[in-house]
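In full-length UniProt numbering, the protein residues as written are 1 to 555. Let me begin by presenting the structure, written as structure tokens, before commenting on it.
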Amino acid sequence: MGESSMNNRLTRKAFLLRSLAGLGAFFGLSWGTKAILNPVKTIIKGRILGANHQIGHLLRNLSIPKKGEEKQSEEIIEVPILIVGTGIAGLSAARKLHKAGHKNFLLVDLEDHIGGNADAGKNATTSYPWAAHYLPIPNNEDKELLIFLEEHNIITGYNSAGLPIYNEYHLCQSPQERLFLKGRWQEGLIPNYGISENDRKQISDFLALMNQYRQEKGSDGRWAFDIPLALASKDEVYQELDAISMTDFLSQHHFDSEYLLWYVNYCCRDDYGITSEKTSAYAGIHYFAARRGKADNAESNAVLTWAEGNNFLAKALSTDFKDKIRTKTLVTQVNWNNDGVEATAYNWNKNVSVKIKAQRVILATPQFVNQRILPKESIQISTDSFQYAPWLVANITVNKIPIERDRFLCWDNVAYNSTSLGYISATHQQVSREVDKWVLTYYLPLSHKSPVEARKEAIKKTHEEWTEEILIDLESFHPNIRATVDEINLKIWGHGMIAPTLGFLSSENRKSASKNIDNRIFLAHSDLSGVSIFEESFYQGNRVADEILPYLSIS
Numbered sequence: 001m002g003e004s005s006m007n008n009r010l011t012r013k014a015f016l017l018r019s020l021a022g023l024g025a026f027f028g029l030s031w032g033t034k035a036i037l038n039p040v041k042t043i044i045k046g047r048i049l050g051a052n053h054q055i056g057h058l059l060r061n062l063s064i065p066k067k068g069e070e071k072q073s074e075e076i077i078e079v080p081i082l083i084v085g086t087g088i089a090g091l092s093a094a095r096k097l098h099k100a101g102h103k104n105f106l107l108v109d110l111e112d113h114i115g116g117n118a119d120a121g122k123n124a125t126t127s128y129p130w131a132a133h134y135l136p137i138p139n140n141e142d143k144e145l146l147i148f149l150e151e152h153n154i155i156t157g158y159n160s161a162g163l164p165i166y167n168e169y170h171l172c173q174s175p176q177e178r179l180f181l182k183g184r185w186q187e188g189l190i191p192n193y194g195i196s197e198n199d200r201k202q203i204s205d206f207l208a209l210m211n212q213y214r215q216e217k218g219s220d221g222r223w224a225f226d227i228p229l230a231l232a233s234k235d236e237v238y239q240e241l242d243a244i245s246m247t248d249f250l251s252q253h254h255f256d257s258e259y260l261l262w263y264v265n266y267c268c269r270d271d272y273g274i275t276s277e278k279t280s281a282y283a284g285i286h287y288f289a290a291r292r293g294k295a296d297n298a299e300s301n302a303v304l305t306w307a308e309g310n311n312f313l314a315k316a317l318s319t320d321f322k323d324k325i326r327t328k329t330l331v332t333q334v335n336w337n338n339d340g341v342e343a344t345a346y347n348w349n350k351n352v353s354v355k356i357k358a359q360r361v362i363l364a365t366p367q368f369v370n371q372r373i374l375p376k377e378s379i380q381i382s383t384d385s386f387q388y389a390p391w392l393v394a395n396i397t398v399n400k401i402p403i404e405r406d407r408f409l410c411w412d413n414v415a416y417n418s419t420s421l422g423y424i425s426a427t428h429q430q431v432s433r434e435v436d437k438w439v440l441t442y443y444l445p446l447s448h449k450s451p452v453e454a455r456k457e458a459i460k461k462t463h464e465e466w467t468e469e470i471l472i473d474l475e476s477f478h479p480n481i482r483a484t485v486d487e488i489n490l491k492i493w494g495h496g497m498i499a500p501t502l503g504f505l506s507s508e509n510r511k512s513a514s515k516n517i518d519n520r521i522f523l524a525h526s527d528l529s530g531v532s533i534f535e536e537s538f539y540q541g542n543r544v545a546d547e548i549l550p551y552l553s554i555s
């Protein structure tokens, strides 16, 4: 979901566009006009799409068909560099290698598409995201990221002060955010309507404290909180925050406003998929204090977004080497010696086993995958501390726009105390608003149970059960939505993102996890950062490319 204002203002931009003033009258009856006391259960079309846990479980259960079974054939490939995983980290590594002149590589991926968590779908109405869906204005020190954005015209130039000028088509349009609170919609996601003066003061004091952290530097001259995290200060005073929860941090600072506590918990679930009680205070503060991006034509808290979400960025990363990518290919084993690396893989679409011989391999895969494909004796860390938050994402096609009184559909729409994070409008960025259907992308972090229990429960539920659960949640703030829904498609992310639980970010185990193995196997994934955001995946890909380049020049 979209990040909310990081300063003391309780809103981002002017909320109403005068050009939309007549929209409510045009569409007539709104979703929120009349409550339905006894809604009739309706069968709504759609399906559960994955992620492809069925194929992934072949790896876990070691049930890959062997040569000779089902008339399986074998393919042998030789390539200097193999990259396993086409998420943002793998694509970023490939881009960096390609720019450095090393263009003879192969990327493989389990799925039938690129992007990892930056996945997307499309219907007759619009493209839409299946997970990550926006990029905040980057910090100006993140030069490699700014260069990438400039390469693809997301940054169109720089002003005389050196501030980037962002392409207006990629900046999130207004109206941007709204929160359903006490029976009505308010502008912005920070609770504001109908709250007490004490609540307002606590929210203001909290935001001021976060701004103070944003401006602080450690004795090492580094920002107290930064993106990428690897650039942040290593001072103990900040590192110690990783040992307590964000909930405890709030308590220690005497913050007890229910609205502030809800908002902080929402933010932790938004970026990390876990509650503030399980989020380390370092990670919780990082959400608010690590971004300092400035632009010529956008506020510092503005975001870049696309109908297909961050899949737009994944495709941009792969522009120069699309012919080097093989999807539907599951790597099952990686072994190496002084002569090189041999990876065993399985093309599940063609039922072909694949043997890939390379000089070096980049594993742009999460640690729970690496522990399956690497020899046990080569794994130098405990993967148990790497916990992954499960998610449900639903794309909901509706035939009536959700308008309540004078509050128009925003890009980001959230309800106070909802089990979900609400939804974004995938059609929001369309230049022409003349559409007869809309796609709402609904996000539900499964943070109510342990990750293992939540994963098991999520996979067992049917499409009908999930659909009913989603509609009941949406009906709490859109009472008539059921009658407007044409279709609901779902995707379950069993290991949606790395969870920065207490002690994880500062642990030696996490820091050691990124070390290469025998100068043959190089590791890149956002879980090595401990925070699952685009900038960290991009950083990890570039880091590992820089690390592997010297070996390529002498091999």
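Using N, Cα and C, we set each Cβ at its ideal position, and we do this for glycine too.
Residue interval of the beta strand (DSSP E) (run including residue i)
{"i": "residue 522", "result": "521-523"}
{"i": "residue 331", "result": "329-337"}
{"i": "residue 494", "result": "485-498"}
{"i": "residue 443", "result": "438-445"}
{"i": "residue 342", "result": "340-347"}
{"i": "residue 155", "result": "155-158"}
Environment of residue i [buried if 16+ CB atoms lie within 10 Å]
{"i": "residue 501", "result": "buried"}
{"i": "residue 169", "result": "exposed"}
{"i": "residue 470", "result": "buried"}
{"i": "residue 67", "result": "Its pLDDT being 49, under 50, residue 67 is placed unreliably in this model, and the coordinates cannot settle the point."}
{"i": "residue 556", "result": "Summary: the structure shown does not reach residue 556, with the chain confined to residues 1 through 555, and so no result is reported for it."}
{"i": "residue 525", "result": "buried"}
{"i": "residue 92", "result": "buried"}
{"i": "residue 187", "result": "buried"}
{"i": "residue 270", "result": "buried"}
{"i": "residue 133", "result": "buried"}
{"i": "residue 32", "result": "The pLDDT assigned to residue 32 is 47, lower than 50, so where the model puts this residue is not dependable; a value taken from the coordinates is nonetheless given after this. Buried: at least 16 other Cβ atoms inside 10 Å."}
{"i": "residue 254", "result": "exposed"}
{"i": "residue 162", "result": "exposed"}
{"i": "residue 190", "result": "buried"}
{"i": "residue 401", "result": "buried"}
{"i": "residue 256", "result": "exposed"}
{"i": "residue 198", "result": "exposed"}
{"i": "residue 542", "result": "buried"}
{"i": "residue 508", "result": "exposed"}
{"i": "residue 96", "result": "buried"}
{"i": "residue 221", "result": "exposed"}
{"i": "residue 448", "result": "exposed"}
{"i": "residue 243", "result": "exposed"}
{"i": "residue 252", "result": "exposed"}
In DSSP terms, what residue i is bridged to
{"i": "residue 413", "result": "178, 423"}
{"i": "residue 306", "result": "In the DSSP output, where bridge partners are listed per residue, residue 306 has none listed."}
{"i": "residue 370", "result": "None, per the DSSP bridge assignment."}
{"i": "residue 184", "result": "181"}
{"i": "residue 397", "result": "439, 487"}
{"i": "residue 237", "result": "Per DSSP, none; premise fails for residue 237."}
{"i": "residue 629", "result": "Residue 629 cannot be examined here, being either before or after the span of the chain that is shown, 1 to 555."}
{"i": "residue 530", "result": "Looking at the DSSP assignment, residue 530 forms no beta bridge with any residue, so it has no partner."}
{"i": "residue 280", "result": "245"}
{"i": "residue 171", "result": "304"}
{"i": "residue 353", "result": "74, 346"}
{"i": "residue 601", "result": "A question about residue 601 goes unanswered here, because the residues of the chain that appear run from 1 up to 555."}
{"i": "residue 388", "result": "498"}
Extent of the continuous alpha helix (DSSP H) run through residue i
{"i": "residue 166", "result": "First-last for residue 166: 164-166, but that is the beta strand (DSSP E), not the alpha helix (DSSP H)."}
{"i": "residue 480", "result": "Premise fails: residue 480 is in no alpha helix (DSSP H) and is neither H nor E."}
{"i": "residue 556", "result": "Outside the shown range of the chain (1 to 555) lies residue 556, about which nothing can therefore be said."}
{"i": "residue 268", "result": "258-272"}
{"i": "residue 143", "result": "143-151"}
{"i": "residue 512", "result": "508-512"}
{"i": "residue 315", "result": "311-317"}
Residue i Cβ short of 7 Å to the ligand FAD heavy atom set
{"i": "residue 230", "result": "Ligands are entirely absent from the displayed structure, and the ligand FAD is therefore not among its contents."}
Quiz item: Contact between the segment 356-365 and the segment 515-522: three or more CB pairs below 8 Å?
Solution: yes
Exercise. Tell me the start and end of each unbroken alpha helix (DSSP H) in the segment 58-134 that is at least 4 residues and wholly inside, in chain order.
Key: Runs of the alpha helix (DSSP H) inside the segment 58-134: 88-99.
Quiz item: Does the segment 286-300 come close enough to the segment 108-118 that 3 or more CB-CB pairs lie under 8 Å?
Solution: No contact exists between the segment 108-118 and the segment 286-300.
Quiz prompt | Start-end ranges of the beta strand (DSSP E) lying completely within the segment 183-232, minimum 3 residues | solution = 184-187
Quiz item: Between the segment 444-453 and the segment 316-329, do at least 3 Cβ pairs fall closer than 8 Å?
Solution: no
Quiz item: When the Cβ atoms of the segment 456-465 are set against those of the segment 344-355, are three or more pairs found closer than 8 Å?
Solution: As far as the Cβ criterion goes, the segment 456-465 does not touch the segment 344-355, which means the pair count is below three.
Quiz item: Counting Cβ pairs closer than 8 Å, one from the segment 303-317 and one from the segment 163-183, do we hit at least three?
Solution: yes
Quiz item: Touching or not, the segment 385-398 and the segment 479-499, by the rule of three or more beta carbon pairs under 8 Å?
Solution: yes
Quiz item: Can you find at least 3 beta carbon pairs, one from the segment 384-391 and one from the segment 146-154, that sit closer than 8 Å?
Solution: no
Self-check item: Contact the segment 464-483 vs the segment 413-430: 3+ CB pairs below 8 Å
Solution: yes
Quiz prompt | Touching by the beta-carbon criterion (3+ pairs, under 8 Å), the segment 83-91 and the segment 116-124 | solution = yes
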